[in-house]
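To keep things clear, I will list the structure first and then write my remarks on it.
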Amino acid sequence: MTFEDQLKQKTEEIERILYSYLPAEEGFASTVISAMNYSVKAGGKRLRPIFMKETFRMFGGKGKVINPFLAAQELIHTYSLVHDDLEVMDNDAFRRGRKTTHVVYGEAMAVLAGDGLLNMAYETALKAFEESGAVKKRVIRAMEVLSGKAGLYGMLGGQSADVGLEKAEKAPDEQELRYIHENKTGALIQSSLMIGGILAGADEEEVEKLERAGLLIGLAFQIEDDILDVTGNEEILGKPVGSDQKNNKTTYVTMYGLERAGLDAQRLSEEALGILGGFPGKNKFLCQLVRSLVGRDR
Ligand code: GRG
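Residue numbers for the sequence shown follow this note's numbering, so the first one is 2 and each next one is one higher.
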């Protein structure tokens with residue numbers, strides 16, 4: 002099977018798992034549930050759960066204990082996109098090829114849908130205890146990583162620094178930009194790899210290496226995202242290009258130029274591959290996935 006066929010199959014498998022945890026659209030709160038499901042079902046690459054599952058496999062993980070975490074991570078990611086698209090943040094009308102949640106459901110319902118998704122993520126992850134048998138400690142550690150990397154010392158911290166600088170009309174310097182990228186983008190990719198490893202029984206030293214590999218992949222991913230905003234095709238991306246320039250945003254590309262950005266993304270991804278290749282278990286698909294993110298078209 003080609004890499005593309007495998008990716009399609011794995012994406013569909015993640016979506017089956019994810020959809021199985023979505024709430025039924027009924028009762029007096031059905032509008033917010035419908036807004037939550039609309040946001041999740043808009044598609045997307047499902048990269049973070051794929052990273053989690055493939056790392057789990059690389060460390061010999063078996064069974065269903067991972068499933069609630071795969072769903073939880075994508076719910077957290079989706080909440081962050083719904084809130085990021087709000088008028089008070091980036092004010093984006095299109096994502097994943099369709100109208101954003103606040104455009105369809107209104108600003109208040111989109112705020113609540115984001116809150117609902119975040120909360121649902123933890124409610125879902127907790128279900129892993131039902132599958133955990135003798136590995137309860139791993140689930141507790143995975144919960145710590147899931148919540149920690151999404152929070153103040155992870156994605157939320159990165160986004161807050163970004164918004165704070167924007168509101169102050171101040172361009173980030175090199176260190177600030179690095180902090181924003183490491184946290185806003187890197188943190189969830191880190192937790193995906195770490196949780197995959199933790200649930201499969203990786204030791205703390207291995208988890209630290211996964212944290213580093215996730216950081217490198219996250220930084221490379223963000224650089225490519227910045228490149229695509231300049232060179233990408235709107236139809237393939239499912240969102241407008243040129244929005245960074247329109248918003249006068251400092252990105253990796255505006256700071257270092259397109260050529261260096263491309264080279265740095267390549268270098269970071271090679272370093273990550275070096276770490277992944279050093280583990281005793283091998284996962285060729287995971288390495289191909291990391292490689293495919295550099296120079297991607299969406
Ligand atoms: C609101 C707390 C809070 C955080 C928002 C994710 C995020 C932080 C902002 C979105 C804007 C952005 C460009 C973030 C960088 C990370 C990134 C490239 C997200 C898009 O991830 P993809 O490409 O999206 O995996 P799909 O749609 O494929 O899931």
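Virtual Cβ for every residue (Gly too), placed ideally from N, Cα, C.
Classify residue i as helix, strand or coil using the three-state DSSP reduction.
i: F95; result: strand
i: K283; result: coil
i: K100; result: strand
i: P241; result: coil
i: K65; result: coil
i: D204; result: coil
i: G197; result: helix
i: P24; result: coil
i: A266; result: helix
i: V89; result: coil
i: N234; result: coil
i: A73; result: helix
i: V295; result: coil
i: R47; result: coil
i: N1; result: A query on residue 1 cannot be resolved here, the shown segment of the chain reaching from 2 to 299 and no further.
i: G258; result: coil
i: A36; result: helix
i: F60; result: coil
i: A214; result: helix
i: K42; result: helix
i: K54; result: helix
Is it the case that the Cβ atoms of residue i and residue j are separated by a distance below 8 Å?
i: A73; j: L147; result: yes
i: M346; j: S244; result: No answer is possible for residue 346: it lies beyond the span of the chain, which begins at 2 and ends at 299.
i: T1; j: A114; result: The structure shown does not extend to residue 1, since the chain spans only 2 to 299, so no value can be given for it.
i: L76; j: L118; result: yes
i: F280; j: M59; result: yes
i: V136; j: V66; result: yes
i: F52; j: L194; result: yes
i: H78; j: R96; result: no
i: L217; j: E272; result: yes
i: A143; j: F70; result: yes
i: A172; j: T251; result: yes
i: I237; j: D298; result: yes
i: Y180; j: G159; result: yes
i: A262; j: D230; result: no
i: S270; j: V291; result: yes
Whole-angstrom Cβ separation of residue i and residue j, contact assumed at under 8 Å?
i: I141; j: N68; result: Contact flag wrong, Cβ pair sits at about 17 Å.
i: M121; j: P24; result: 7 Å
i: G197; j: E14; result: Incorrect: roughly 15 Å between the Cβ atoms, too far for contact.
i: Y22; j: T125; result: 5 Å
i: I276; j: A203; result: Wrong, their Cβ atoms sit about 13 Å apart, outside the cutoff.
i: A43; j: R99; result: 6 Å
i: A162; j: E175; result: With 8 Å as the limit, A162 and E175 do not qualify as a contact, their Cβ atoms being about 14 Å apart.
i: L200; j: R139; result: 5 Å
i: L87; j: V105; result: 13 Å between Cβ atoms; not a contact.
Please find out if some non-hydrogen atom of the ligand NAP comes closer than 7 Å to the beta-carbon of residue i.
i: G165; result: Questions concerning the ligand NAP fall outside what the structure shown contains, since the ligands it does hold are the ligand GRG.
Report task. Could you name each continuous alpha helix (DSSP H) segment of 4 residues or more that falls completely within the segment 104–174, going from the start of the chain to the end? Result -> Runs of the alpha helix (DSSP H) inside the segment 104–174: 108–126, 129–132, 137–151 and 156–168.
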